[in-house]
Amino acid sequence: MKFKKWLFVCFSIFLALLITACSSDKTSNTSEESGSKEEQITLNFWMFGATGYEELAKEYEKEHQNIKIKIKTSETADHHNNLFTALSAGSGAPDIATLEVDQLDRFRDAQDRFVNLYDMKADEVKNQYLDWKWKIAENDDGKFLMGLPTDIGPKGLYYRTDVFEAAGLPTAPEEVSALITTPEQFKQVALQIKEKTGKPMVASMEMMYRAQLDALEESYFDKEGNLLIEKPGNGVKDAYNLAVDMNKLGVVGNFAMWSPEWANAVNDGSFAVELGAAWLKGWMEGNAPDAVGKFRVATLPKEYSGNWGGSYIAIPKETKHAQEAYDFIKWLVSPENQLKSFKSNGLFPSSPVVYDMAEFKEASDEFFGGQSTQTVFAQSAQKIGMVYKGKDYTSVHDEILAALVNVQGGADSEEEWHAAIKRIKTKLNR
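For reference, each letter of the sequence shown is one residue, going -21 to -1, 1 to 409 in mature numbering (1 follows the signal peptide of the UniProt record, and there is no 0).
Okay, here's the thing in structure tokens:
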């Protein structure tokens, strides 16, 4: 009996130890499982420009303790070249990258190197964005989405009230919008300003050329990659001729955008208007202190309305964290955060949902005399049509601009046009 009692005690001790061990193993596994759920993930995000996304990334990290957003900002050209190199090499690409709209088509041939955002259920948020902006990021059959929309660049007429007043013209935005509804009216106002003040209407031939170019739904290329600028009916030559003709009339200045001379001219009112995108006002507010209260914004004639600038956010296929990357960019470009980006960095929203938000509609700009300029650009944004650029857009565009510079220097416009075409074809045939 004592032996049986002793045996029972030993068995009880053994059973208790076994249960404890199992319990310990289970606790250990739970801990390991918990650790895997809280895996620390770093998302490398390459971008360009002053977007303010750094602050939003910090906000996201606070809400998602296991996510770290590592941002690398480069100059626009360097950013896209580095990204293209990494994608071509098949290694070194980030988890997330911004693509400027003029560069987007350059990456279409590398579509297989990007995550199709429709596979991430991006169609669920499609109705939050302008239709034309969304479609630009789709492939030809509409089944592949390269990136989610960020900002856009709807254009408006930035005009100096003091110059308009000196020329005997109205200065209220509504009156100026009503005064200039056609290209011919634009020309007549330009001639009056030149006659009364001696000042040019626009800053440069480039700005006059872009006035019509940016409104074209098809400019340098078709979707098959064919060069269109010599095709009958193509609008590029008309835009070029417009710049040439307005220069002959003396209503075009020689202030190359971003040059010190141009910056000084914006500041002191050496020309009357800038046909600029919504993002230009951010630069003005920070760089033209003497112009405070002297600019307003009016709508442009339909023939001169268009989009200039804007970006998308894409996910290279190399990433090991596609879902986490998508969750972040969907949050980053949500209507609520587009409003924040607009208020902090002047990124004009591509989500019309924002246009109805009180914070957006009621905001006013001291630089523009208290005008709510964003409502003007919102009107323009909803009138823009689908635009196709082509992968070699920038190369072709630069050659046309070079021709215009030579024309302003005294060269024959037709000779410069044909010389530009020849250079373009040489580039494309390399």
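Even for Gly, the Cβ is constructed at its ideal location relative to N, Cα and C.
Residue closest to residue i, alpha-carbon to alpha-carbon, out of the options
i, options, result
"Q191", "G214, E17 and I172", "G214"
"L124", "G135, E103 and Y137", "E103"
"E17", "K47, A36, K37 and Y32", "K47"
"N385", "V332, N226 and Q164", "N226"
Whole-angstrom distance between residue j and residue i, CA atom to CA atom
i, j, result
"L206", "K173", "37 Å"
"G261", "Y39", "25 Å"
"M26", "E79", "10 Å"
"S323", "A256", "17 Å"
"W241", "T161", "26 Å"
"N243", "M184", "18 Å"
"I292", "D391", "43 Å"
"K404", "A169", "35 Å"
"M365", "Q44", "40 Å"
"A89", "H59", "13 Å"
"K387", "V155", "Correcting the residue type first, residue 387 is Gln in the shown sequence and not Lys. About 29 Å."
"E197", "Y367", "6 Å"
"S249", "A194", "26 Å"
"S67", "F93", "12 Å"
"G272", "A301", "47 Å"
"K370", "K175", "44 Å"
"K49", "R87", "26 Å"
"G229", "E54", "35 Å"
"A56", "Q164", "38 Å"
Residues near residue i by beta carbon distance below 6 Å, same chain, minus five either side
i, result
"F321", "P328"
"E297", "A72"
"T150", "T140, F143 and E144"
"residue 418", "In the structure as shown, the chain starts at -21 and stops at 409, and residue 418 therefore has no counterpart that could be examined."
"M99", "Y305"
Which of helix, strand or coil DSSP assigns to residue i
i, result
"Q317", "helix"
"S15", "Confidence at S15 is low in this model, with a pLDDT of 46, below 50, so the placement of that residue should be treated as unreliable; the coordinate-derived value is given next. Helix at S15."
"W237", "coil"
"E297", "coil"
"V386", "helix"
"E393", "helix"
"I403", "helix"
"G121", "coil"
Proximal residues to residue i (C-beta, below 7 Å), its chain only, five neighbours per side dropped
i, result
"A304", "L22, D74, I75, I294 and T298"
"K406", "S374"
Close Cβ partners of residue i (< 8 Å) along its chain, the five nearest in sequence each way excluded
i, result
"P268", "N246"
Short CB-CB distance (under 8 Å) between residue i and chain B
i, result
"H43", "Although the question refers to chain B, the structure presented lacks it and comprises just one protein chain."
Q) Does the count of Cβ pairs from the stretch 187 to 202 and the stretch 269 to 288 closer than 8 Å reach three? A) The stretch 187 to 202 and the stretch 269 to 288 touch, with no fewer than 3 CB-CB distances between them shorter than 8 Å.
Q) Using 8 Å as the Cβ pair cut-off and three pairs as the minimum, do the stretch 305 to 313 and the stretch 335 to 346 touch? A) Under the 8 Å Cβ criterion, the stretch 305 to 313 does not count as touching the stretch 335 to 346, having fewer than three qualifying pairs.
Q: Kindly confirm or deny that the stretch 110 to 117 and the stretch 311 to 321 touch, where touching means at least three C-beta pairs closer than 8 Å.
A: With the cut-off at 8 Å, the stretch 110 to 117 and the stretch 311 to 321 do not touch.
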